[in-house]
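In this text, residue positions in the sequence shown follow the working numbering: the first is 1, and each later residue adds one.
In what follows, a structure is listed as structure tokens, so that the remarks can point back to it.
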Amino acid sequence: MVSNVDRHEDAISLANQTIASQAETAHVAVISMDSDPAKIFQLDDSQGPEKITLFSMLNHEKGLYYLARDLQCSIDPHNYLFILVCANNAWQNIPAERLRSWLDKMNKWSRLNHCSLLVINSGNNNDKQFSLLLEEYRSLFGLASLRFQGDQHLLDIAFWCNEKGVSARGSAT
Numbered sequence: 001m002v003s004n005v006d007r008h009e010d011a012i013s014l015a016n017q018t019i020a021s022q023a024e025t026a027h028v029a030v031i032s033m034d035s036d037p038a039k040i041f042q043l044d045d046s047q048g049p050e051k052i053t054l055f056s057m058l059n060h061e062k063g064l065y066y067l068a069r070d071l072q073c074s075i076d077p078h079n080y081l082f083i084l085v086c087a088n089n090a091w092q093n094i095p096a097e098r099l100r101s102w103l104d105k106m107n108k109w110s111r112l113n114h115c116s117l118l119v120i121n122s123g124n125n126n127d128k129q130f131s132l133l134l135e136e137y138r139s140l141f142g143l144a145s146l147r148f149q150g151d152q153h154l155l156d157i158a159f160w161c162n163e164k165g166v167s168a169r170g171s172a173t
């Protein structure tokens, strides 16, 4: 699943809310690109998992290519939810074909390891990235966009896959 977010602070908030919504026994790991994860991600004492595993990575295209290998060197990825919070505009200069290749590789890796990967990508050119990612429905199990409009947020879900099939075009405020 990929979620494009306009503002980096909303990406962090979405990640923290996603962490809090997991079961107490869930295996959750958060990867922060170019930030100290201990300073921005936290456990909620009243809900969510007992613990989370934190990773950091450089804001560099090559970091994406080695992500799966680096994670497997540290933990057994089976039954994990991995949340990758990209640095602001991290995907801006990555050519579309290389981004597609990385998404396909991560799709295969997550299937092989029975884990899930949520990528939260923040930046100011999300419409372009959203259009590119819309074509990647074979490599993604979902695509959403979170936008801040005035005093509220708009969540636009392009598609979502589950055991019943594919759902398309939904939104919530």
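Beta carbons are placed, not taken as given, at the ideal position from N, Cα and C, and that holds for glycine.
CA-CA distance, residue i and residue j?
i: residue 174; j: residue 62; result: Since the first residue shown for the chain is 1 and the last is 173, residue 174 is missing from the structure and cannot be characterised.
i: residue 13; j: residue 23; result: 18 Å
i: residue 71; j: residue 102; result: 15 Å
i: residue 17; j: residue 47; result: 10 Å
i: residue 109; j: residue 68; result: 7 Å
i: residue 151; j: residue 122; result: 19 Å
i: residue 19; j: residue 26; result: 9 Å
i: residue 89; j: residue 32; result: 14 Å
i: residue 7; j: residue 39; result: 18 Å
Mapping the DSSP letters down to three states, classify residue i as helix, strand or coil.
i: residue 172; result: Because residue 172 sits at a pLDDT of 47, beneath the cut-off of 50, its placement in the model cannot be relied upon, and the following sentence gives the value as read from the coordinates. Correct three-state label for residue 172: strand.
i: residue 21; result: coil
i: residue 11; result: helix
Which word fits residue i, buried or exposed, when buried means at least 16 other C-beta atoms lie within 10 angstroms of its C-beta?
i: residue 49; result: buried
i: residue 86; result: buried
i: residue 37; result: buried
i: residue 21; result: exposed
i: residue 95; result: exposed
i: residue 117; result: buried
i: residue 186; result: Outside the displayed span of the chain (1 to 173) sits residue 186, for which this structure offers no information.
i: residue 76; result: exposed
i: residue 9; result: exposed
i: residue 74; result: exposed
When you compare the CB of residue i with every CB in chain B, is at least one pair closer than 8 Å?
i: residue 93; result: In summary, chain B is missing from the structure at hand, where a single protein chain is found.
Below 6 Å CB to CB, which residues in the same chain sit around residue i once its five sequence neighbours on both sides are set aside?
i: residue 29; result: 53, 80, 82
Give every residue of the same chain whose Cβ lies closer than 7 Å to the Cβ of residue i, excluding the five residues on either side of it in the sequence, and list them in chain order.
i: residue 15; result: 30, 41, 83, 85, 120
i: residue 64; result: 102
i: residue 106; result: 68, 117
i: residue 58; result: 34
Spatial neighbours of residue i within its chain, please: CB distance less than 8 Å, with the 5 preceding and 5 following residues excluded, ordered by chain position.
i: residue 174; result: Outside the modelled stretch of the chain, which goes from 1 to 173, sits residue 174, for which no answer is possible.
i: residue 91; result: 99, 121, 123, 129
Enumerate, from N- to C-terminal direction, the unbroken beta strand (DSSP E) stretches of 3 or more residues contained entirely within the stretch 95-128. 116-122
Starting from the N-terminal side, write out each stretch of the alpha helix (DSSP H) that is 4 residues or longer and does not extend beyond the stretch 39-96. 61-65, 67-74
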